[in-house]
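One line per chain: the protein sequences are A and B, in this order.
Residue 62 in our numbering is what sits at position 62 of the first sequence, and the numbering runs on without skipping anything.
Residue 1089 in our numbering is what sits at position 89 of the second sequence, and the numbering runs on without skipping anything.
Here a beta-carbon is modelled for each residue, glycine too, at the ideal position from N, C-alpha and C.
Note that the coordinates shown come from a computational prediction; the quantities given were computed from them, not determined experimentally.
One structure is given below, encoded as structure tokens.
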Amino acid sequence: GAVVSQHPSRVICKSGTSVKIECRSLDFQATTMFWYRQFPKQSLMLMATSNEGSKATYEQGVEKDKFLINHASLTLSTLTVTSAHPEDSSFYICSASRLGSGELFFGEGSRLTVL
Amino acid sequence: QQPVQSPQAVILREGEDAVINCSSSKALYSVHWYRQKHGEAPIFLMILLKGGEQKGHDKISASFNEKKQQSSLYLTASQLSYSGTYFCGTGSGTYKYIFGTGTRLKVLA
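In structure tokens, the structure reads:
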């Protein structure tokens, strides 16, 4: 089956630093990937839709200058949390949909802790 | 707008049945169901693409009422492994999926 890999699975950083999270589709080409954020005991909230070769589409309330998304190839999207603060600590999950399939394939998630 | 799920939480004994509902204020083109264990990414259960469609595998099935903009997930003869948080995900014509509020399910031995 399709696999989406996310890295790193856990990251701890100091306040003010930037963190990059990678999302790779391993056995299919993903023209569109999605980035979600999940706080404890809450649902997955869509942050942005990442489109290969073009700018990401951000959801209302998500700062595009803080959460930089790059989708440079059909198999890789990256999310960079810039100038991270403790309130950015969360579980970040990417997903991708294979063309023709309605199923969303999720990465393993990245738990970010900002000290 | 986020779909609303009910109930918010449910506790079952092994072997009991449960129904989880997902209701949207927007027209739906598809409904997905996922189960998430604590600290893990969601796992895909099934997708329903047409109004009136019903699907199932093992003892988990779902229905999709397009007119009412609702979907229900049916868990029969629940097992301990069914414990987790269930999310519906709704698609509304684009490939953008919005997840519901979630239902925490705990199955006790």
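C-beta atoms of residue i and residue j nearer than 8 Å
{"i": "residue 106 (chain A)", "j": "residue 1041 (chain B)", "result": "yes"}
{"i": "residue 1090 (chain B)", "j": "residue 1028 (chain B)", "result": "yes"}
{"i": "residue 1001 (chain B)", "j": "residue 1102 (chain B)", "result": "no"}
{"i": "residue 1025 (chain B)", "j": "residue 1048 (chain B)", "result": "no"}
{"i": "residue 1044 (chain B)", "j": "residue 1053 (chain B)", "result": "no"}
{"i": "residue 34 (chain A)", "j": "residue 98 (chain A)", "result": "no"}
{"i": "residue 1097 (chain B)", "j": "residue 79 (chain A)", "result": "no"}
{"i": "residue 1087 (chain B)", "j": "residue 43 (chain A)", "result": "yes"}
{"i": "residue 4 (chain A)", "j": "residue 95 (chain A)", "result": "yes"}
The ligand ZN heavy atom lying under 7 Å from the CB of residue i
{"i": "residue 114 (chain A)", "result": "Absence of the ligand ZN is noted for the structure shown, with no ligands found whatsoever."}
Nearest to residue i (by Cα), restricted to the options the options
{"i": "residue 75 (chain A)", "options": "A:56, A:87, A:51", "result": "A:51"}
{"i": "residue 83 (chain A)", "options": "A:45, A:66, A:90", "result": "A:66"}
{"i": "residue 90 (chain A)", "options": "A:96, A:36, A:55", "result": "A:36"}
{"i": "residue 32 (chain A)", "options": "A:41, A:24, A:18", "result": "A:24"}
{"i": "residue 115 (chain A)", "options": "A:18, A:40, A:44, A:53", "result": "A:18"}
{"i": "residue 1003 (chain B)", "options": "B:1022, B:1107, B:1108", "result": "B:1022"}
Supposed contact pair residue j and residue i - C-beta distance, whole angstroms, cut 8 Å
{"i": "residue 1037 (chain B)", "j": "residue 1100 (chain B)", "result": "Not really, about 17 Å apart at Cβ, beyond 8 Å."}
{"i": "residue 77 (chain A)", "j": "residue 92 (chain A)", "result": "In fact, because the Cβ distance is near 12 Å, the residues do not count as touching under 8 Å."}
Proximal chain D residues relative to residue i, where beta-carbon distance stays under 9 Å
{"i": "residue 1002 (chain B)", "result": "No chain D is present in this structure, whose protein chains are A and B."}
Interface positions of the segment 1013 to 1039 of chain B facing chain A (Cβ-Cβ less than 7 Å), listed along the chain: 1030, 1032
Can you pull out the residues from the segment 86 to 114 of chain A whose beta carbon lies closer than 7 Å to at least one beta carbon of chain B? 93, 97, 102, 103, 104, 106, 107, 108, 109
Using 8 Å as the Cβ pair cut-off and three pairs as the minimum, do the segment 59 to 77 of chain A and the segment 1004 to 1019 of chain B touch? no
Decide if the segment 1072 to 1088 of chain B is in contact with the segment 1015 to 1032 of chain B; the criterion is three or more beta carbon pairs, one per stretch, under 8 Å apart. yes
Counting pairs of Cβ atoms below 8 Å between the segment 69 to 79 of chain A and the segment 6 to 18 of chain A, do you hit three or more? no
Beta carbons nearer than 7 Å to chain B: which residues of the segment 55 to 79 of chain A have them? none
Between the segment 34 to 58 of chain A and chain B, which residues of the former have CB atoms less than 9 Å from a CB of the latter, in chain order? 34, 36, 38, 41, 42, 43, 44, 45, 46, 49, 57
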